[in-house]
Structures are given as structure tokens and as C-alpha cells.
Amino acid sequence: MLEALKEQPADKILALMGAYRADPRDDKIDLGVGVYKDPTGNTPVMRAVKEAERRIWSSQETKAYTGLAGEPAFADAMIGLVLGDAVPRDRVAAVATPGGTGAIRQALELIRLAAPSATVWLSNPTWPNHPSIIKYLGMPSAEYRYFDEATGGVDFDGMLADLRGVAAGDVVLLHGCCHNPTGANLTADQWQQTIAAVRAAGAVPLIDIAYQGFGDGLGADATGTRAVAGAMEECLIAASCSKNFGIYRERTGLLMAVARDAAQAKVAQGTLAFLNRQNYSFPPDHGARVVTEILTDADLRADWESELEEVRNTMLGLRQALADELRRLTNSDRFDFIARHRGMFSRLGLTPEQVEVLRKDHGVYMVGDSRINIAGLNQDTVPVLAKAIAEVASA
Ligand code: PMP
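Per the UniProt record's numbering, the sequence shown runs over residues 1 to 395.
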């Protein structure tokens, strides 16, 4: 049997990590994988997470199974964090999943079950795992324009024009905030227009929100998601706790299905639990418990929010510093978009050849589409990177 297997293509970002590790230069700069790093290059365990873990360690009496949907308290806390009071709680079905990826996978499985011929529309570009999972599941997909290479902003006219081609019953996948890989995001007004377009098409939005709190703040980053949930009869929302709680390896996420009424939410809840059962039975619990502890304890929550603000402001400071330095070195506003982008990533708009020169000649590692992880920088490496980019871009 196993002889029938073929080599799988290597994940480009993981391959990049390997190449970085093997590079002997000590002034090399890693802007690849999407993990937050503090100015010393570490990905720390957040203070509130450590304290929540300490409390769980000292009070937990059993490791017996929880519910198939995970702990209801986790769902309640996360629904509050993501949706606020945008929709009545009884219209929301939710299951804990292994990370945001698990939530996206389960959302797609739900779509395949309910609407097997629905086309899933993806932004061009998007996080590569989106098309990869969709292809693996054998689901039809299409792309809508999203990024304007010339300005580094959203090609919103192109996006709206493409959304006019969406058929009734199709699914439109939207990034809730901090678009990966571009860093370019919709304004509140553009969210409203997007909602109008998706409604006019009779389509269902699927929101991937993996960086809440990394852009403009916890509430601001949920604006689009809340507007969608409040305006649409139905939508699906896949939320990840990996980044904003810094619990990447604990695999913590939540899939929400907003239904048109409580009766349909109940059926959706049963279906989501069924899908968990088929794929991995009970979802992981530790990270979900940590998140619940933090979100439901006033002191822990305040501490988490303040540390998350530090993380967010560190990235904003690096964005501004990089944009300023590039403006000085190139004597142009070409890279000003870096300061306007939000989240961990910016797509610089360099060619694959320029990205390769940066790696070979400057020891700067970024994804081939010229996506950089802003958090891979610090105040010392910003001028080094800016100089390298300016050199390569003018060659
Ligand atoms: N969506 C997007 C856009 C992401 O960038 C990520 C993480 N790279 C995820 C979802 C899921 O992350 P995780 O499965 O680690 O929670």
C-alpha cells in the first residue's frame, strides 16, 4: 500500500525555516514563519497564560473527556470576545477545534455536507492553507481580486466586481482582520459594501479571524466580523487563539455558525459536534481552558489585554520605523504602505528574483511572494533590512 504514496510538495514556509536554520551567517534575519517574536527574538509565554496554567495545574482534578463540542464556557467566552453582542447567543452554534486551522477545516466540511456544489471564493492572494484544504476536500473554489500590487492596498473595485460573479449559495471567505499574506485590510465602509455585495449574491460569508488584537485593538479588529454577523442571516466564523494568546502549539480555536434562528442553530450545533466526532472526537482542552480562565477572570483578562497591547504596539512601531527608513533611503513614498498595513504581515511587492537576492546576498529570509513577518524585526535590524530592500529594489 505505502508504495503507492507520492512525495508531497514541501511546505514553502517550513522549507524556508529549514534554510534559515542552516545558514551560518550570524547577521541573518528571519521574516518567514508567522509567529510573534519579541525584540529579543523570543516567542514568550504570555504572563496571563502562565498564571492560568498555574491555576489549572493546582485545581484540576480530572482529565476525563469533556463534551464533543468542547467546554461550553470556552464557546461562551470566545463568542463574547469575537462577536460581542452582535447576535443573540441562541443563534450561534459553536465547537472547539484544534486551532484556527481545525475551525476552517470543520467549516469547510460543514459546507460540503450542507451545500456540496457551493463554490468557495478566496481572496487573491490568501493564506495558502485555504486553497490547499479546499482542494484536498475536492470542493469547487474561485478567486476574487483583493490586493493592488501598485499601491500595496486593497483593490476594492476589483474585489466588488468579482463578487458580482458569486452565485446564490456560494461561500465567500473573508479575513476578519490583519489579512495574511498582504497586511492590507478593508475599511469599515468597505466592510459594509462587501456585506451588501455578499447579501445581493445570496452567498454565505466564512470569516477567518486569526489575529484579533494584532491590528488596531481587540474591538476594532472584530468590527468587520461583527458587522457581518449582525447583518447576515447566516455566516460561519473560524477563530484562532494561537496568535493573540500565544498558544500556537496548544491547538486552540473555535468554529461558530451563526444561524437564522435558534432552531437552526440547534441543528447546526448537533452537526458541528457530529463533525468533531468523525474527525478527532473530543477537541483539545488545555488551551481552551487557559483561554476561558483568562477571559472570565477580570485580573487575568486585564493583564492579557495589556500584554497584547504591548505586542500590537511593538509591531506598529516597527512598521512605522521601516516605512520611515525606506522613505529616507529611496527618497520616495513607495513603501509607505508598510505603515498603513496591519497585523503581523506585509507583502512588499518584490519579485521572486529580488526575494532570492535578499536571501543570498543579505541573509534576509522572507516568503517567495515577498511577505515579511514584521515581528521578525527589531530596532537594530530595521535599518539593515531597509538598506537591503532599497538596494535590491533599485537594482
Ligand atoms: N488563518 C490564517 C489566515 C492564519 O494565518 C493562520 C495561522 N497561520 C490560521 C488561520 C490558523 O492558525 P492555527 O491553526 O495555528 O490556529
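Cβ coordinates follow ideal geometry from the N, Cα and C atoms, glycine included.
Query - Three or more C-beta pairs below 8 Å linking the segment 7 to 17 and the segment 260 to 271 - result: no
Query - Ala36 to Lys243 span [Cα, whole Å] - result: If you number the sequence shown from 1, residue 36 lands on position 36. If you number the sequence shown from 1, residue 243 lands on position 243. The question names Ala, but residue 36 in the sequence shown is Tyr. Spanning the two alpha carbons is a distance of roughly 7 Å.
Query raised in the report: Can at least three beta-carbon pairs, one atom from the segment 232 to 239 and one from the segment 107 to 120, be found at a separation below 8 Å?
Result: yes
Query raised in the report: For Arg312 versus Gly183, is the C-beta distance shorter than 8 Å?
Result: For this step, residue 312 is matched to residue 312 along the sequence shown. For this step, residue 183 is matched to residue 183 along the sequence shown. It is not a contact, given that the beta carbons lie outside the stated cut-off.
Query - Complete runs of the alpha helix (DSSP H) confined to the segment 304 to 363 [at least 4 residues] - result: 337 to 340 and 352 to 362
Requested in this report: Run the proximity test for Ile104: is its beta-carbon closer than 7 Å to any non-hydrogen atom belonging to the ligand PMP?
Outcome: If you number the sequence shown from 1, residue 104 lands on position 104. Yes, the beta carbon of Ile104 sits closer than 7 Å to at least one heavy atom of the ligand PMP.
Query - Helix, strand or coil at Arg260 [DSSP, three-state] - result: As a working mapping, residue 260 is identified with position 260 in the sequence shown. Of the three classes helix, strand and coil, the one that applies to Arg260 here is coil, per DSSP.
Query - Beta-carbon contacts of Arg301 that lie in its chain and below 8 Å, excluding the five residues immediately before and after - result: Here residue 301 is taken as the residue at index 301 of the sequence shown, counted from 1. Around Arg301: Ala48, Ile294 and Leu295.
Query raised in the report: Tell me the DSSP bridge mates of Thr97?
Result: For the purposes of this step, residue 97 is taken as residue 97 along the sequence shown, with counting starting at 1. DSSP lists Gly253 as partners of Thr97.
Report task. Report the partner residues of Phe147 according to the DSSP bridge assignment. Result -> Here residue 147 refers to the residue found at position 147 when the sequence shown is read from its first residue. DSSP links Phe147 through a beta bridge to Val154.
**Report entry** Rounded separation between Pro140 and Val120 - CA only
**Finding:** Indexing the sequence shown from 1 puts residue 140 at position 140. Indexing the sequence shown from 1 puts residue 120 at position 120. The alpha-carbon atoms of Pro140 and Val120 are separated by roughly 6 Å.
Query raised in the report: Between Pro284 and the rest of its own chain, which residues show a CB-CB distance below 8 Å, the 5 nearest in sequence each way excluded?
Result: Position 284 of the sequence shown, counted from the start, is the residue given in the question as residue 284. Ala96, Pro98, Glu250, Arg251 and Thr252.
Query - Separation of Glu356 from Arg21, as counted between CA atoms - result: If you number the sequence shown from 1, residue 21 lands on position 21. If you number the sequence shown from 1, residue 356 lands on position 356. In a straight line, the C-alpha of Arg21 is about 16 Å away from that of Glu356.
Query - Under the three-state DSSP convention, the category Tyr20 falls into - result: As a first step, residue 20 must be located in the sequence shown, where it is residue number 20. Residue state, collapsed to three classes: helix.
Query raised in the report: Under a three-way DSSP split, which group does Asp380 fall into?
Result: Residue mapping note: residue 380 aligns to position 380 of the sequence shown, counting from 1. Looking at Asp380 - three-state DSSP - the assignment turns out to be coil, as it is neither helix nor strand.
Query raised in the report: Is the beta carbon of Leu173 less than 8 Å from the beta carbon of Thr194?
Result: Residue 173 sits at position 173 when you count from the first residue of the sequence shown. Residue 194 sits at position 194 when you count from the first residue of the sequence shown. Their beta carbons are not under 8 Å apart, which means Leu173 does not touch Thr194 by this criterion.
**Report entry** Residue range of the unbroken beta strand (DSSP E) whose run includes Leu371
**Finding:** To locate residue 371, count along the sequence shown from 1; it is residue 371. Looking at the sequence itself, residue 371 is Arg, so the reference to Leu does not match. Residues Arg371 to Asn373.
Query raised in the report: Helix, strand or coil: how does DSSP classify Pro205 here?
Result: Numbered from 1 along the sequence shown, position 205 holds the residue referred to as residue 205. Note: Pro205 maps to strand in three-state DSSP.
Query raised in the report: If we call anything under 8 Å between Cβ atoms a contact, is Leu218 one with Glu305?
Result: Taking the first residue of the sequence shown as 1, we reach residue 218 at position 218. Taking the first residue of the sequence shown as 1, we reach residue 305 at position 305. It is a contact, given that the beta carbons lie within the stated cut-off.
Query raised in the report: Once you ignore the five residues that flank Glu353 on each side, which residues in its own chain have a CB closer than 7 Å to its CB?
Result: Within the sequence shown, the letter at position 353 stands for residue 353. Within the same chain, and ignoring the five residues on either side of Glu353 in sequence, no residue has its Cβ closer than 7 Å to its Cβ.
Query raised in the report: Do Gly376 and Asp30 have their C-beta atoms within less than 8 Å of each other?
Result: Residue mapping note: residue 376 aligns to position 376 of the sequence shown, counting from 1. Residue mapping note: residue 30 aligns to position 30 of the sequence shown, counting from 1. Contact flag set, yes.
Query raised in the report: What three-state label does DSSP hand residue 396 in the structure shown?
Result: Outside the displayed range of the chain (1 to 395) lies residue 396, so it cannot be described from this structure.
Requested in this report: Taking only the alpha-carbon atoms, compute the straight-line gap between Gly41 and Pro72 and give it to the nearest angstrom.
Outcome: Along the sequence shown, one-based indexing puts residue 41 at 41. Along the sequence shown, one-based indexing puts residue 72 at 72. Looking at the two C-alpha atoms, the distance is approximately 36 Å.
Query raised in the report: For His175, is the beta carbon positioned less than 7 Å from some heavy atom of the ligand PMP?
Result: Along the sequence shown, one-based indexing puts residue 175 at 175. Under cutoff, so the answer is yes.
Query raised in the report: Say the cut is 7 Å; is the CB of Ala210 nearer than that to a heavy atom of the ligand PMP?
Result: On the sequence shown, position 210 is the one that residue 210 refers to. The answer is yes for Ala210.
Query raised in the report: Is the closest heavy atom of the ligand PMP to the C-beta of Tyr136 under 7 Å?
Result: In the sequence shown, counting from the first residue as 1, residue 136 sits at position 136. Not so, every heavy atom of the ligand PMP lies at least 7 Å from the Cβ.
Report task. Can you say whether Pro88 is buried or exposed, counting buried as having 16 or more other CB atoms within 10 angstroms of its CB? Result -> The residue labelled residue 88 in the question sits at position 88 within the sequence shown. Exposed, since its Cβ has fewer than 16 Cβ neighbours within 10 Å.
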